[in-house]
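*Asks:*
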Amino acid sequence: FWWSADDKFFNNSLALMAGVKVPRTVLLPSNTHPPDTDERSMRNLSYPLDWDAIFSYVGFPAFFKPFAGGGWKHVYKIENREQFYQTYNQTEQLVMMLQEEIQFTDYYRCYCLGQKYVRVMRYDPKQPYHMQYIRNAPPVEAKLNAKIEDAVLRLCNGLGYDFNTVELAIRDGEPYAIDFGNPAPDADYYSVGEENFEWIVETSANFAIELAKAHKPGKINLTWGKFVTNAVKNQRVTPRSFNTSKK
């Protein structure tokens, strides 16, 4: 249920509530009205859109991508407003986001299991698929590693995902969450490499055993994220809602 309910723009909003930095992002209405809608259906929006304000806020270059989905489908790098208009006019009924490009010095993909076990992996999204996970990478500096783990735990606790990957771009020593709604992530041996593969297999097995031992018959044994549990209690999610110390 939860995987079907979340999307990239919602997740960005949740990240900000959790105290995690994200690229500046604007959610845009579809270029073409969806079926059975017209201009009156969009009366909560102010037309024409203030494109100058939008471009000033996000800046160029930027990424233009669907608010939901993955696999780099319909993802475009936009260099200027002319290219944006040309691309936007081709997206038809897709609901798209315009997102700031983070000029990063380092990039990481992190496994997170049980909302507490974190594996930080150096990653290069610009490389071919089989070369994206950096083999024999040097250790991550301790201060940066702590920031990365903190961001990963905040995001996974907020979403309530017990199995997830989080991608973080590092700019000026600070992690920015780029993609972090992946509860069925890549764990292929030939993609992630031997060390990462062994970690994810062993940690997931140990976590499954841990859950089996902690199971309480006749009770709800599911885990829900801070966003849902706080909403049920009519409480706001804030950065203080999260305790990211290792459990």
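All you need for this note's numbering is the position in the sequence shown, starting with 1, plus 1117.
All C-beta atoms, glycine included, are put in the ideal place defined by N, C-alpha and C.
So, helix, strand or coil for Leu-1162, using DSSP?
*Replies:* Three-state DSSP puts Leu-1162 in coil, outside helix and strand.
*Asks:* Just how far apart, CA to CA, sit Leu-1144 and Phe-1180?
*Replies:* Between Leu-1144 and Phe-1180, the C-alpha separation is close to 12 Å.
*Asks:* Need the endpoints of the beta strand (DSSP E) that Gln-1216 sits in, please.
*Replies:* 1213-1217 is the span of the beta strand (DSSP E), which, as asked, contains Gln-1216.
*Asks:* Below 7 Å between beta carbons: does that hold for Gln-1404 and Thr-1142?
*Replies:* Since the first and last residues shown for the chain are 1118 and 1364, residue 1404 lies out of range.
*Asks:* Can you tell which of Tyr-1224, Trp-1316, Gln-1232, Leu-1261 has its C-alpha closest to the C-alpha of Tyr-1306?
*Replies:* Ranking Tyr-1224, Trp-1316, Gln-1232, Leu-1261 by Cα distance to Tyr-1306 puts Trp-1316 first.
*Asks:* Can you name the start and end residues of the alpha helix (DSSP H) that Leu-1270 belongs to?
*Replies:* Unbroken alpha helix (DSSP H) run through Leu-1270: 1259-1276.
*Asks:* Among Gly-1186, Lys-1182, Met-1238, Val-1283, whose alpha-carbon lies nearest the alpha-carbon of Ile-1195?
*Replies:* Looking at the Cα atoms, Lys-1182 is the closest of the given residues.
*Asks:* What does the alpha-carbon distance come out to for the pair Pro-1090 and Glu-1209?
*Replies:* Here the chain has residues from 1118 to 1364 only, and residue 1090 is not among them.
*Asks:* Which value, in whole angstroms, describes the spacing of the CA atoms of Leu-1339 and Thr-1346?
*Replies:* Straight-line Cα distance between these residues: approximately 12 Å.
*Asks:* Shortest alpha-carbon distance to Val-1222 belongs to which of Lys-1336, Val-1175, Asn-1360, Arg-1239?
*Replies:* Looking at the sequence itself, residue 1222 is Thr, so the reference to Val does not match. Checked all of Lys-1336, Val-1175, Asn-1360, Arg-1239; the closest Cα to Thr-1222 is Arg-1239.
*Asks:* Using only the alpha-carbon positions, how far apart do Ile-1295 and Lys-1190 sit?
*Replies:* Those two C-alpha atoms are separated by around 16 Å.
*Asks:* Please list, in chain order, all residues of the same chain as Ser-1358 whose beta carbon is under 6 Å from its beta carbon, the five residues on each side excluded.
*Replies:* Counting only Cβ-Cβ distances below 6 Å, and skipping sequence neighbours, we find Lys-1343.
*Asks:* Just list the alpha helix (DSSP H) runs in the region 1274-1309, keeping only unbroken ones of 4 residues or longer that don't cross its boundaries, in chain order.
*Replies:* Correct list: 1306-1309.
*Asks:* Span of the alpha helix (DSSP H) holding Ile-1317?
*Replies:* Note, Ile-1317: alpha helix (DSSP H), 1311-1331.
*Asks:* Tell me the DSSP secondary structure of Arg-1198 in three-state form.
*Replies:* Residue state, collapsed to three classes: helix.
*Asks:* From Ile-1171 to Asn-1129, what does the alpha carbon distance come to, in whole angstroms?
*Replies:* Rounded to the nearest angstrom, the two C-alpha atoms are 17 Å apart.
*Asks:* Closer than 7 Å by C-beta to Ala-1348: which residues in its own chain qualify, once you throw out the five before and the five after it? Chain order, please.
*Replies:* Hits under 7 Å: none found.
*Asks:* Thinking Ala-1268 and Leu-1285 are a contact (beta carbons under 8 Å), I'd like their distance in whole angstroms, please.
*Replies:* At roughly 6 Å, the Cβ-Cβ gap stays under 8 Å, so Ala-1268 and Leu-1285 are in contact.
*Asks:* Do Tyr-1293 and Lys-1138 have their beta-carbon atoms positioned less than 7 Å apart in this structure?
*Replies:* Yes; because the gap between Cβ atoms is below 7 Å, this pair is in contact.
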